[in-house]
Amino acid sequence: EVQLVESAGGLVQPGRSLTVSCAASGFTFSNYAMHWIRQVPTKGLEWVASISPSGGGTYYRDSVKGRFTISRHNAKNTLYLQMDSLRSEDSATYYCATHSELGFDSWGQGVMVTGSS
Amino acid sequence: EIVLTQSPTTIGASPGEKVTITCRATSSVSYIYWYQQKPGASPKPWIYDTSKLASGVPNRFSGSGSGTSYSLTINTMETEDAATYYCQQWSSSPWTFGGGTKLELK
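Protein chains in written order, with my numbering: chain F, 1 to 117; chain P, 118 to 223.
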């Protein structure tokens, strides 16, 4: 069974950094592109970043480019999202997700990140 | 960026009723993907490649459309179908979602 378990999020002051992780199990992690998607409470979904199976290709939405870094450690079956220079508008629940023909296939339980002073 | 607009934003349906949710794109997309999300839970893939049902999705659901206009239809509403449904496109980065349609049980 595919499992994606995100690390705890937290309350972060605007301008500071936070790294969240996603531990994967139940599938061959190194074979799959992975994504981060966020959801503002009671609002919709927004794609944030993607990474190729090898980690050699990374893709970001414009609003996080230069501030967020997606990475992966295939030997540890773990996906990361480093968020620097956090803004209040980055406050959301962040989900990691696998990629398949179904689109964003399996999703983690989500981790809440709040940027507030 | 391709903007996806879903309508209606909220809809109420009684058991047995037919429900249709539409998703319109600002530019043509090759396929649309649909996700179901229930309160407190993560989204689940529901329909992919416009009309293919994900594993476990009841066949009372169907998807159709092309170009800039797509729809998700429930032939006969059931209690368990109450949820929020999101459409999404992979045709052009950034990958975008519709704003969601909340389907409530009447």
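From the three backbone atoms N, C-alpha and C, an ideal C-beta is built for every residue, glycine too.
The structure displayed is predicted, hence computed values, not measured ones.
Three-state secondary structure assigned by DSSP to P/THR196: Three-state DSSP puts P/THR196 in a helix.
Within 9 Å, strictly: CB atoms of F/VAL113 and F/GLY9: Contact: yes.
Classification of F/ARG72 by the beta-carbon crowding that lies within 10 angstroms, buried from 16 upward: It is buried - the Cβ of F/ARG72 has at least 16 other Cβ atoms within 10 Å.
Option in P/SER210, P/PHE178, P/SER147 and P/CYS204 with minimal Cα separation from P/GLU197: Nearest option by C-alpha distance: P/PHE178.
Pair within 9 Å by beta-carbon distance, P/GLY182 and P/GLN123: Against a cut-off of 9 Å, the Cβ pair of P/GLN123 and P/GLY182 comes out as no contact.
C-beta atoms of F/GLN39 and F/ALA97 nearer than 9 Å: Cβ distance not < 9 Å, so F/GLN39 and F/ALA97 don't count as in contact.
Buried versus exposed, by CB contacts within 10 Å (16 or more), F/GLU6: So F/GLU6 ends up on the buried side.
Residues of the segment 62 to 81 of chain F with Cβ closer than 8 Å to any Cβ of chain P, in chain order: Those residues of the segment 62 to 81 of chain F that come within reach of chain P (Cβ to Cβ, closer than 8 Å) are ASP62.
Uninterrupted beta strand (DSSP E) stretches inside the segment 68 to 115 of chain F (no shorter than 3 residues): Taken in chain order, the complete beta strand (DSSP E) segments of 3 or more residues contained in the segment 68 to 115 of chain F are 68 to 73, 78 to 83, 92 to 100, 103 to 107 and 111 to 115.
Exposure of P/LYS161, with buried meaning 16 or more beta-carbon neighbours within 10 Å: Per the 10 Å Cβ criterion, buried.
Counted within 10 angstroms of its Cβ, other Cβ atoms place P/VAL120 as buried (16 or more) or exposed: Here P/VAL120 is exposed, its C-beta having fewer than 16 other C-beta atoms within 10 Å.
Host beta strand (DSSP E) of P/LYS161 (start-end): Note, P/LYS161: beta strand (DSSP E), 161 to 165.
Below-9 Å beta-carbon distance, P/GLY75 vs any chain F residue: As displayed, chain P neither begins before 118 nor continues past 223, which places residue 75 of chain P out of reach and without an answer.
Boundaries of the beta strand (DSSP E) in which P/THR122 is found, first to last residue: In this chain, the beta strand (DSSP E) harbouring P/THR122 covers 121 to 124.
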